[in-house]
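If you're matching them up, the sequences are chains A and B in order.
So the numbering used here is basically just the index in the first sequence, starting at one, shifted up by 1358.
So the numbering used here is basically just the index in the second sequence, starting at one, shifted up by 1358.
Beta carbons are placed, not taken as given, at the ideal position from N, Cα and C, and that holds for glycine.
To keep things clear, I will list the structure first and then write my remarks on it.
Protein chains: 2
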Amino acid sequence: MGRTSDADERLKDAALALMWEESYGSVTIDNICSRAEVKKGSFYYFFDSKADLAVAALEKMWETEWKPNLDRIFSSSVEPLTRLTTYLETVYQSQAESKARLGKVLGCPLCSVGCEVSTQEVDVSAKVRLILARKRRYYESVIRDALAEGSIEPCDPAHKADALVGLIQGIVTQARIMNDAEILRDLPSMSLELLRAKQPAAAQPVP
Amino acid sequence: MGRTSDADERLKDAALALMWEESYGSVTIDNICSRAEVKKGSFYYFFDSKADLAVAALEKMWETEWKPNLDRIFSSSVEPLTRLTTYLETVYQSQAESKARLGKVLGCPLCSVGCEVSTQEVDVSAKVRLILARKRRYYESVIRDALAEGSIEPCDPAHKADALVGLIQGIVTQARIMNDAEILRDLPSMSLELLRAKQPAAAQPVP
DNA sequence: CCTTTTCTTAACTAACTAGTCAACTACTTG
DNA sequence: CAAGTAGTTGACTAGTTAGTTAAGAAAAGG
C-alpha cells in the first residue's frame, strides 16, 4: 500500500507539546513542522489546518494517555474517594514534574486550549467539550459510588460532578498562572470538603 | 501642553474587549487599532508592544471596573457570606448578559489571558498575578469575618481563599468553554459548601 | 521488476504582521 | 501670536505566515 510514514503521529505529538508549553495561538504551522521534523508539504498532505491537527492531537492524547490512566486509577476495585485522592496525587506529581523539567507548571492542555479557542475555533472547542464530558463521567461514578457507600453526604451527583470538575480545573489553571505546583497539594482535601466526605467522622468510630 | 488625546484610552478599551472576546494571541495590533479607530503610528506613540498595551488595559480594568465593584459588594456593612453570594450573583448576571448580547459566554479576562500567556509573556502574567492577588484579599476578608462570626467551620483562611479562587475561576472558565452561563447558578451553593457554612444547620435550630 | 500508491521535498506565492519615519496638525502657554 | 509641545498620519520596509505545486522517492503488490 505504498510508502509508509509516522509523520502524522510526530505532528500530533509536536502540536500537543507546543500548544501545552506555549499556547494554541502562539504556535505556528512552521513551528510544529520543525519540532516534528516534517516539511510543510507533508503537513498539508495529512491535515487541512492547524485546527484540524489540534483536534487529532487532542483525541490522540485522550486515547493513548488520559483514558488508560483514568481506567487504571478509577478502577471499581478501589474505594470511591480513594480513587479521587489517588488521581489528584498524580495531578500534583505530573505538574511538579513539568515544573522540575521545564521550569514551568503547564496546567491542563484541555483547559488552556479550550479556554483560549472557545469563542474562535468551533471544531477544536467541540473536541475539548467532548473530552471534558468523557472525563466528567469518572468523577460522576466516584460520587455515585461514594453516595451508595454512604461515605459522603447526600447530594445530586451531576451537580457535584460539575463542581468537582470546576474546582480541579480551577486550581490546576491557577497553578499554571502562578507557576506554582504546590497549591495542588491541597487539592485532595479541598475536593473531599466540597464533596462533604464523612472521612473525619469515620476516623472517629462510633463507640 | 500640546495636543490632547484619548487614543490611549480607546486602545486600552479595544485591546481588553478583543482579548476577552477572542484571545490574546489571535488579536493583532492592526485589529486593536481599527477597533479603536487609531492609526498604527499613534499606537507606537503610546505603547511599545501588544504586551505593553495589555498590561495597561488590565490595570485600567481593575481600577475602573473591578475595584469599585468589589469595594461596593464586599462592604463590611454586609454580612460576610452575603457579600460572597451577592458577588457570585453578579458574576452570573454579567456572563448571562454577554451570552445574550454576543451569543458567547466570555468568562473572566484575567483567567483566560493569564492562562494563555503565563508561559510566554512575563510582564502580562506578572500583572495578571498581581490583580488576582488583589482580588483574593476580598475573599480572604470574607473568610476571616465569617470565622469571627462563627458562620463557617474552623479553617485556615489563606488556604480556603485559594480554594475559593480556584473554584470560582474554574466554574467561570468552564462556563466559557461550555458556552453555558447556567452552570454559574450553582456557584453560590457550591462556594458555601466549600466554606462549610453552617447555614443549613442554622435553618434547623437545635431543639 | 515494473506499476501503482503513498508520502516527501524544495521552491514558490500572496497576504499579513510588526515596527519605523518624516512630515504634518492641533493645542497650550508665555 | 510665536514657538514649543503633544499627538496624528500614511506610506514605507522587512520578515513571517498559511497554503500550493510539480517533481520525485520509497514502499507494496502483482
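Residues of chain B with a Cβ closer than 8 Å to the Cβ of V1486 (chain A) are, in chain order, I1535. The beta carbon of L1553 (chain B) sits closer than 6 Å to the beta carbons of I1510 from its chain, once the five residues preceding and following it are set aside; these are given in chain order. For the pair G1461 (chain B) and V1530 (chain B), the CB atoms are not nearer than the 9 Å cut-off. Pairing T1477 (chain A) with D1429 (chain B), the inter-Cα distance amounts to about 31 Å. At a cut-off of 9 Å between beta carbons, A1521 (chain A) contacts chain B. With a minimum length of 4 residues, the unbroken runs of alpha helix (DSSP H) contained wholly in the stretch 1366 to 1407 of chain B fall at 1387 to 1394, 1398 to 1404. Scanning its chain for C-beta atoms nearer than 7 Å, with the 5 sequence neighbours on each side dropped, one finds around I1387 (chain A) the residues K1398, F1401, K1408, in chain order. Note on the stretch 1419 to 1469 of chain A: whole alpha helix (DSSP H) runs with a minimum of 4 residues are 1425 to 1431, 1438 to 1460, in chain order. The C-alpha of D1410 (chain B) lies about 8 Å from the C-alpha of V1482 (chain B). With fewer than 16 neighbouring CB atoms inside 10 Å of its own CB, M1359 (chain A) falls in the exposed class.
DSSP, reduced to helix, strand and coil, places A1555 (chain B) within a strand of the structure shown.
Cβ proximity to chain A below 8 Å picks out E1379, E1380, S1381, Y1382, G1383, S1384 from the stretch 1362 to 1386 of chain B.
Contact annotation for I1541 (chain B) against chain A: D1520 [CB-CB distance below 7 Å, chain order]. Per DSSP, the continuous alpha helix (DSSP H) segment holding A1521 (chain A) begins and ends at 1515 to 1536. Excluding its 5 nearest sequence neighbours in each direction, E1479 (chain A) has C-beta neighbours in its own chain below 7 Å: A1409, listed in chain order.
With contact defined as three or more Cβ pairs closer than 8 Å, the stretch 1536 to 1543 of chain A and the stretch 1441 to 1453 of chain A are in contact. A Cβ of chain A is located within less than 9 Å of the beta carbon of E1551 (chain B). By the beta-carbon neighbour count (other beta carbons within 10 angstroms, threshold 16), G1508 (chain B) is exposed. Going by beta carbons, E1474 (chain B) and S1470 (chain A) fall inside the 9 Å limit. Per DSSP, the beta-bridge partners of I1510 (chain A) are A:A1555. L1525 (chain A) is positioned such that its CB atom lies closer than 9 Å to that of L1525 (chain B).
Here W1378 (chain A) has L1464, P1467 as same chain residues with Cβ atoms under 6 Å from its own Cβ, once five neighbours each way along the sequence are excluded. Excluding the 5 residues flanking it on each side, L1442 (chain B) has same chain C-beta neighbours closer than 7 Å at V1500, S1549, in chain order. Nearest to L1545 (chain B) by C-alpha distance, out of A:K1556, A:S1435, A:L1522, is A:L1522.
Residue environment analysis places S1384 (chain B) among the buried positions, since at least 16 neighbouring C-beta atoms fall within 10 angstroms of its C-beta. In terms of Cβ geometry, K1418 (chain A) and R1492 (chain A) do not form a close pair [threshold 9 Å]. Counting only residues of its own chain and dropping the five nearest sequence neighbours on each side, D1366 (chain B) has a CB closer than 7 Å to the CB of F1404. In this structure, the beta-carbon distance from K1518 (chain A) to L1416 (chain A) does not fall below 9 Å. Residues of the stretch 1453 to 1476 of chain A whose Cβ lies closer than 8 Å to any Cβ of chain B, in chain order: K1462, L1464, G1465, C1469, S1470, G1472, C1473, E1474, V1475, S1476. Judged by beta-carbon spacing, T1448 (chain B) lies beyond the 9 Å limit of V1436 (chain B), meaning their Cβ atoms are not closer than that value. Here A1412 (chain B) carries a helix assignment [DSSP, helix/strand/coil]. Distance between A1372 (chain B) and Y1382 (chain B), taken at the CA atoms: about 12 Å. Here the alpha carbons of A1506 (chain B) and A1555 (chain A) stand approximately 25 Å from one another. The C-alpha of S1434 (chain A) is placed about 45 Å away from the C-alpha of R1459 (chain B).
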